[in-house]
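A.B. asks: Below you will find the structure I want to go over with you.
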Amino acid sequence: MNDILKVLFVVGFSWSCFLHGCQGCFHQERLALLEIKRSINHPNGSALSNWVGEDCCGWDGIVCDDLSSRVVSIVLDQKRESGDWYPNVTMFAQFELIELSLNGNQIKGWVMPEGLRNVKSLSLSDNRLNDAAIAPWINNLTSLLFLYLSENELRDLSYLEGFHGIQNLQVLNLSSNGLTDDSLTPWIFNLTSVTELGLSQNQLRTVPWVYNLTLLASVHLSNNQLAGPSILEGFCELKWLHNLDLQGNLLNGAIHPCLGKLQSLKYLNLSSNYLEGNIPPLVFMNLTSIEILNLSINQFVGVISFSIFANLSKLTTLGLSRNYQLEVETESPSWVPNFQLSYLYLGSCMLNKHSGQNIPSFISTQNTLQHVDLSNSSLVGSVPSWLIYNTSLNALRLHRNNLSGLFPQPHLNEISNLRFLHVGNNQINGSLPVRFGTLSPYLGYLNISGNALQGCIPSSFGEIITLGVLDLSYNKLSGEIPPALTSNTSLVILILADNLLKGNMLPKFSNMPRLIALDLHDNSFTGEITRSLLNSPSLQFFNVRKNLMEGEIPSWLGDLSKLASLLLSGNFFKGSLPSQLCQLQTLHTLDLSNNSLSGSIPPCFNNITSWRERSPVTFVMPKEGNSTFYRATISFPFTTKGVEYYYVGIPFYLMTGVDLSMNQISGTIPYEMGDLMELVSLNLSNNLLTGPFPDSFQNLENLESLDLSHNKLDGNIPLRLSQLPNLASFSVAYNNLSGCIPWERQFTTFEVGSFTGNPYLRGQLLGRNCSDGALSDANDEQGDGELRIIECELAYYIFVAVSFLVGFMGVIASLVFVENWRTKCFHFVDKWMLKSRTP
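Throughout the sequence shown, residue numbering follows mature numbering (1 follows the signal peptide of the UniProt record, and there is no 0), covering -24 to -1, 1 to 815 in sequence.
This is the structure:
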């Protein structure tokens, strides 16, 4: 009876609209939507600004029924700007919703109103819901077919045991929570209607319930803790299975042969596990419906012939990469592919070991190929021109092989569609094509580093308006940097290090406003640091080590406020250190060593925030353009503990250090340097520093390496310096230090070379024993005082004796050699003697 009344209502309402016309949504629903808008924006948000007018059915995210004009769908993903949200239950009670999506709105608590009993699709992913916020209302959603609760804070769903309200669920996504085996069983056994199940990125170890869910067509269990060879066997009975994702688990053993029974399987991802043994040919020859197959990053061995995939006509993606002991033969036996691949990943395998180690020839038949990875696969021979030009390829990885010959030259006006090209670390020689930039208009990433390229950098590179990353380092390129290249406003990373480049560091009118990394080390650049660097306000990494540059370090470098690494060592810079460097709040590494700098160390170094407080380097890549290819590896060299390391990845983001060694810096070490508590390495050696060892250094709790050798420091080594927990490398050799060497903790591990060259320094290591503590220092000071008194007395007596001899011999010499003086002297003596005899 109720259904008949509903039908009559809809027919009557529609007939009324036909006769009299309808204007938008219901007034009551429009008011409720405005209340939702205010709640999302509270207290200071500005979302849904286009929700204006009477017809709320036209508002963004709102869908109304065509007949009734009632709101049936609300999709308001990622509208909340800040703060936790606790939606009011009454706001949604006004609608007859079928779909509600509030993903990414920082929902912390949620009480489901009675008005949502008819909701068939509910999406609350990427919020902050926990178990307590879910339990009170989920049992009421008896019409629910699609439930999305991924990326929340769910830990235990055991309260769903015995509940039958969601037994009709078809799609359930609980990925990226903290679910364990106990929190899923036994209630998940009852979801017999589920066809799609998402449980990725949880903490599951077993999946016994999978046998019971016979209608499953799609299962996502990536990045859990599933282990053992038997896991795969459990899925073999799911005859409707289309998608199986087990990436990033702990699966081991061999691939179970029963997988070959899954005739309906379209997507299979077993990458990033510990599967081993041979890849069974029959299993994959039988998967005739397969479209995407990924077996990368496992421990497969033996030889596999690519011909086993020949008849998989629907195959579009194949991944075998990073199975380091797997030999892949694409040339033998002869075969003809029935597929057209879009993605091919064979990196870090042994390719064609027994058939010439050449680039697979079947690739030339793949007209839809977009991405190819053949890196680190022991390939030899030359790079064919057809692989670069006139193909559908967007990305090509050939780095870390033994490819040689000339860089591919285009035939006539062949255009390259490549967005990403990495052929670094090969043996490619010759010069780059003059028109390469013109014929590669879409490149976003180009890496040809570590080859044997010669000649000049083509100015046509400046025509690639999408170029974000260019790495030509470790070649034999010569000449100057073309002005067109450094006027490319899309460049984000420019690496030209270790070549034979000369001239100015940058052309005069360079303009790279998006540049974040510039590496020009180990070339022959001359002149001063180019002021056009100020046109790159986002610069974070600047390296011109080991060039022939001169002049003073410009004070305007302090205006590059985002600098995180400033490396200028091994040049001919002179003058003092500009105090404006203290404006670089994000500076992590400063290397000015091996120059001719003078003056004193600025005391304002403690103004640099990243040296006082933990603040990792953050590289912000542009989002527009070809940003998906901006995955360049940025590394920087820094000498610490006497060894030059190249920092990359997490160590790169965390490393902090100052190296001012091998200059002519004088004065005392500023006491304020003891405030730099985040410093990992400090090297002030081989300078002209004087004064005492700063007591404030005892605060450098993160310091691992300290080198103050070859200066003129005096005084004692502070006893509390031995309490620094991370100090592993230390040297104060060749100074004028005195007193006792602290002999505790790390100091007992340092060798004699750390202290040699200080004649008044004492300690067990130097064979000059002393007692611990202040008494030792006092004795040293008393001994030094007595030595100075003895030295003064000795000097006094020597002075008196010399004065007497000089005076005496002066008188005798006068009497001997001056006759007039001698006559007067004798006359005076005779007169005095005669007078003394007269009574």
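C-beta atoms are modelled at their ideal positions from N, C-alpha and C, and glycine is treated no differently.
(1) To the nearest angstrom, how far is it from the Cα of W86 to the Cα of L220?
(2) How is the beta strand (DSSP E) around Q430 delimited, first residue to last?
(3) From N712, N692 and E727, pick the residue whose C-alpha is nearest to that of S705; which is it?
(4) Let's see if you can read the secondary structure: which residues bound the alpha helix (DSSP H) around S552?
(5) Assuming S126 contacts K96 under a Cβ cut-off of 8 Å, what Cβ separation, rounded to an integer in Å, is found between them?
(6) In whole angstroms, what separates the C-alpha of L214 from that of L191?
(7) With H, G and I counted as helix, E and B as strand and the rest as coil, what does DSSP make of G438?
(8) Could you tell me if V170 is buried or exposed, where buried requires 16 or more neighbouring beta carbons within 10 angstroms of its beta carbon?
(9) What residues are listed by DSSP as bridge partners for V348?
(10) For R490, count the other beta carbons within 10 Å of its own beta carbon; 16 or more makes it buried, fewer makes it exposed. Which is it?
(11) Entirely within the stretch 165 to 236 and at least 3 residues each: give me those beta strand (DSSP E) ranges in chain order.
(12) Work out the CA separation of T293 and S310 for me, nearest whole Å.
(13) Return helix, strand or coil for H330, following the three-state DSSP convention.
(14) Ends of the alpha helix (DSSP H) at R588?
(15) With a threshold of 16 other CB atoms inside 10 Å of the CB of V619, please say whether the residue is buried or exposed.
(16) With distances taken Cα to Cα, identify the nearest neighbour of H398 among S351, S416 and S407.
(17) Tell me which residues share the same chain as C234 and place their Cβ nearer than 8 Å to its Cβ, disregarding the 5 neighbours each side in the sequence.
(18) Per the contact definition of three or more C-beta pairs closer than 8 Å, is the stretch 59 to 73 in contact with the stretch 23 to 40?
(19) Which residue from E57, I693, N639 and S176 puts its Cα closest to that of S576?
(20) Which same chain residues, not among the five before or five after S340, have their C-beta less than 7 Å away from its C-beta?
(21) Return helix, strand or coil for L390, following the three-state DSSP convention.
(22) Give the C-beta separation of Q559 and S537 to the nearest angstrom, bearing in mind that I take them to be a contact with Cβ-Cβ under 8 Å.
(23) In whole angstroms, what separates the C-alpha of E390 from that of G406?
(24) Between V195, L222, L217 and H196, which lies nearest to G204 when the distance is taken from Cα to Cα?
(25) Check the DSSP bridge columns for W61 and list the partner residues they point to.
(26) Determine the contact status of L713 and N692, defining contact as a CB-CB distance below 8 Å.
(27) Looking at the structure shown, is C716 part of a helix, part of a strand, or coil, going by DSSP?
(28) Comparing alpha-carbon positions, which option in G633, N711 and M653 lies nearest N662?
(29) Just to confirm before moving on: does the CB-CB distance between V656 and Y629 stay below 8 Å?
(30) Please tell me whether Q699 has its Cβ less than 8 Å away from any Cβ of chain D.
(31) Can you tell me whether S541 is helix, strand or coil according to DSSP?
(32) Return the chain-ordered ranges of every beta strand (DSSP E) run that is complete within the stretch 11 to 72 and spans a minimum of 3 residues.
(33) Please report the straight-line C-alpha distance between N480 and Q346, rounded to a whole angstrom.
(34) DSSP has L123 in a bridge; who is on the other side?
(35) With a threshold of 16 other CB atoms inside 10 Å of the CB of A108, please say whether the residue is buried or exposed.
(36) Please confirm whether L241 and L271 have their CB atoms less than 8 Å apart.
C.D. replies: From the atom records:
(1) 32 Å
(2) A428 to Q430
(3) E727
(4) Counting along the chain, S552 falls outside any alpha helix (DSSP H), though it belongs to the beta strand (DSSP E) covering F548 to S552.
(5) 18 Å between Cβ atoms; not a contact.
(6) 7 Å
(7) helix
(8) buried
(9) L320 and L372
(10) buried
(11) 172 to 174, 194 to 196 and 219 to 221
(12) 21 Å
(13) coil
(14) T585 to R588
(15) exposed
(16) S351
(17) L208, E209 and C212
(18) no
(19) N639
(20) W362
(21) Here residue 390 is Glu; the residue named in the question, Leu, does not match the sequence. It is coil, neither helix nor strand.
(22) 7 Å
(23) 20 Å
(24) L222
(25) I83
(26) yes
(27) strand
(28) N711
(29) no
(30) Annotation note: the requested chain D is absent from the structure, which comprises a single protein chain.
(31) strand
(32) 38 to 40 and 47 to 51
(33) 40 Å
(34) L98 and L148
(35) exposed
(36) no
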